[in-house]
Amino acid sequence: MEEQPSIREKRKDEHVRLALNTNQTQPSDFDALYLVHRSLPELDKEEVDLRTRLGNLTLAFPIYINAMTGGSEKTGAINAALAEAAKETGIAMAVGSQHSGLRNEKVADTYRIVRKKNPNGVIFGNVGADAPLDYALRAIDMLEADALQIHLNVPQEVVMPEGDRHFSGILKKIETIIKKTSIPVIIKETGFGMCRETLEQLKTCGVQFVDVGGGGGTNFVHIENERREKRDYSYLKGWGQSTPISLLEAQPFLKDMTILASGGIRNPLDAVKSMALGASAAGVAGAFLRVLDKCGTEGLVEEMKAWKEHLRMIFLMQGAQSLEHIAKCPIIVTKNVREWCDLRGLD
Ligand code: FNR
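Taking our numbering, the leading residue of the sequence shown gets 290, the next gets one more, and so forth.
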């Protein structure tokens, strides 16, 4: 049965409200990773080049506002504010799942606003993995998107009472979309991370761009459980791999695929640690949403400018002139993350 638009709109608003309530002090696997301090970087700040590439697409900075929202009046206003901040800072931005806008023309403008506000910016579209080809193509058109994210979110669907229960045939759909589009298609997890088995499946069907979308930040099992009448899935909230573990799982794929990091990126240091593990860029969702909520668009612009500056400073301290250099900096893996690597036979 086709879902009522009003139910979808309500869900979008609830996701934002519940994401804003996420506990920000939970322990992070990023704290088990250490960059090694260098006393003689032999580099000047002006020499640091933060540009990164996704295929033919160049991002001026190796961070992006990750997919969040759209589809209701409130979330349209959030998209407008995020787009404004993206424009002011030159940082790329993804919209949330465009399915609402594709099914209901009345809310399509809550996504289109992002291109309207930022005509020359780098914008990623977003659809679910169940999207047929025509949805993917229309989603790209809707935004004149520079890249398309296809999100994977099985645990979220499972815990969502009205969620999908049919997950076969996804790889075939992904393969078709990749063949029929000329822009980068990024297969993205939504806070549950990836493992080498998933990456192998994606590689086999021609995927070149992956956002490992690990745990440690916004948690959609928790969010959907909060929306349930009986909150009976609370025991599942630790499901999945953290972003550092997902990046370690991804090591053998770095030579063939462009790997992006997201999920629980709290600060520029987490982003740089991801890049030292080979990520070409880091996506931030919840952390930026909370700043927008507390400090408004201007506050978010200030925060994103600070991230750019701090990224440069950490590269400088590491003596890394570019992404290529930071990927060669040693990073020490300790504690439970080390243990995971040992048990999984990862280097
Ligand atoms: C999301 N996320 C998300 N992802 C996606 O691919 N499509 C979507 O529609 C949404 N919707 C959404 C709504 C809200 C309110 C939030 C906060 C997040 C997931 C997001 O892109 C990211 O994968 C996770 O939030 C984990 O990253 P953070 O929040 O820990 O940085």
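Even glycine gets a Cβ: it sits at the ideal position worked out from N, Cα and C. Model, not experiment: these values are computed from the prediction.
Confirm, please, whether the CB-CB distance from residue j to residue i is below 8 angstroms.
i    : j    : result
G390 : Y400 : yes
W596 : I534 : no
F509 : P444 : yes
M546 : K594 : no
L322 : V590 : no
I475 : F577 : no
G417 : S386 : yes
G529 : G504 : yes
L371 : A565 : no
G572 : G506 : no
P473 : L346 : yes
K406 : E373 : yes
I429 : T470 : yes
L635 : L537 : yes
G482 : V501 : yes
T364 : G575 : no
L426 : V384 : no
T358 : K395 : no
N368 : V337 : no
C494 : E518 : no
D318 : S531 : yes
Q490 : L460 : yes
R516 : E303 : yes
I467 : V496 : yes
R643 : A349 : Lying outside 290 to 636, the shown extent of the chain, residue 643 is not represented and no answer is given.
With a threshold of 16 other CB atoms inside 10 Å of the CB of residue i, please say whether the residue is buried or exposed.
i    : result
V499 : buried
I620 : buried
S569 : buried
K477 : buried
N442 : buried
N415 : buried
S523 : exposed
P557 : buried
S295 : exposed
I592 : One point to set straight first is that residue 592 is Glu, not Ile, in the sequence displayed. Buried is the call here.
H388 : buried
E298 : buried
A366 : exposed
K462 : buried
L549 : buried
L632 : exposed
G585 : exposed
T479 : buried
Y360 : According to the sequence as given, residue 360 is Gly; it is not Tyr. Flag for G360 reads buried.
D521 : exposed
Cβ contact check for the stretch 350 to 361 and the stretch 376 to 387: 3 or more pairs under 8 angstroms: By the criterion of at least three beta-carbon pairs nearer than 8 angstroms, the stretch 350 to 361 is in contact with the stretch 376 to 387.
Meets three-Cβ-pair contact criterion under 8 angstroms: the stretch 327 to 340 and the stretch 602 to 616: yes
Segment contact flag, the stretch 478 to 487 with the stretch 414 to 421, C-beta cutoff 8 angstroms, min 3 pairs: The stretch 478 to 487, when compared against the stretch 414 to 421, does not touch it at the 8 angstroms Cβ threshold.
Every unbroken beta strand (DSSP E) within the stretch 298 to 351, with a cutoff of 3 residues, ordered by chain: For the stretch 298 to 351, the continuous beta strand (DSSP E) assignments of 3+ residues that do not extend past its boundaries occur at 322 to 324, 341 to 343, 346 to 348, in sequence order.
Minimum length 3: unbroken beta strand (DSSP E) runs contained in the stretch 342 to 420: 346 to 348, 352 to 354, 381 to 383, 412 to 417
Test item, CB below 6 angstroms from any non-hydrogen atom of the ligand FNR: Those residues whose C-beta sits under 6 angstroms from the nearest heavy atom of the ligand FNR are, from N- to C-terminal order along the chain, H304, V305, A308, N355, A356, M357, T358, G385, S386, N415, Q438, H440, K477, T479, G480, G502, G506, T507, S551, G552, G553, I554, V573, A574, G575, A576, L578.
Three or more C-beta pairs below 8 angstroms linking the stretch 554 to 574 and the stretch 598 to 605: Contact between the stretch 554 to 574 and the stretch 598 to 605 is present, because at least three Cβ pairs lie under 8 angstroms.
Unbroken stretches of the alpha helix (DSSP H), 4 residues or longer, contained in the stretch 492 to 539: 509 to 516, 532 to 538
Segment contact, 8 angstroms Cβ cut-off, at least three pairs: the stretch 502 to 522 with the stretch 298 to 308: Under the 8 angstroms Cβ criterion, the stretch 502 to 522 counts as touching the stretch 298 to 308, having at least three qualifying pairs.
Alpha helix (DSSP H) segments (min. 4 residues) lying fully within the stretch 409 to 474: 422 to 432, 443 to 448, 459 to 469
Residue ranges of each alpha helix (DSSP H) within the stretch 581 to 616, 4 or longer: Segments of the alpha helix (DSSP H) lying fully in the stretch 581 to 616: 612 to 615.
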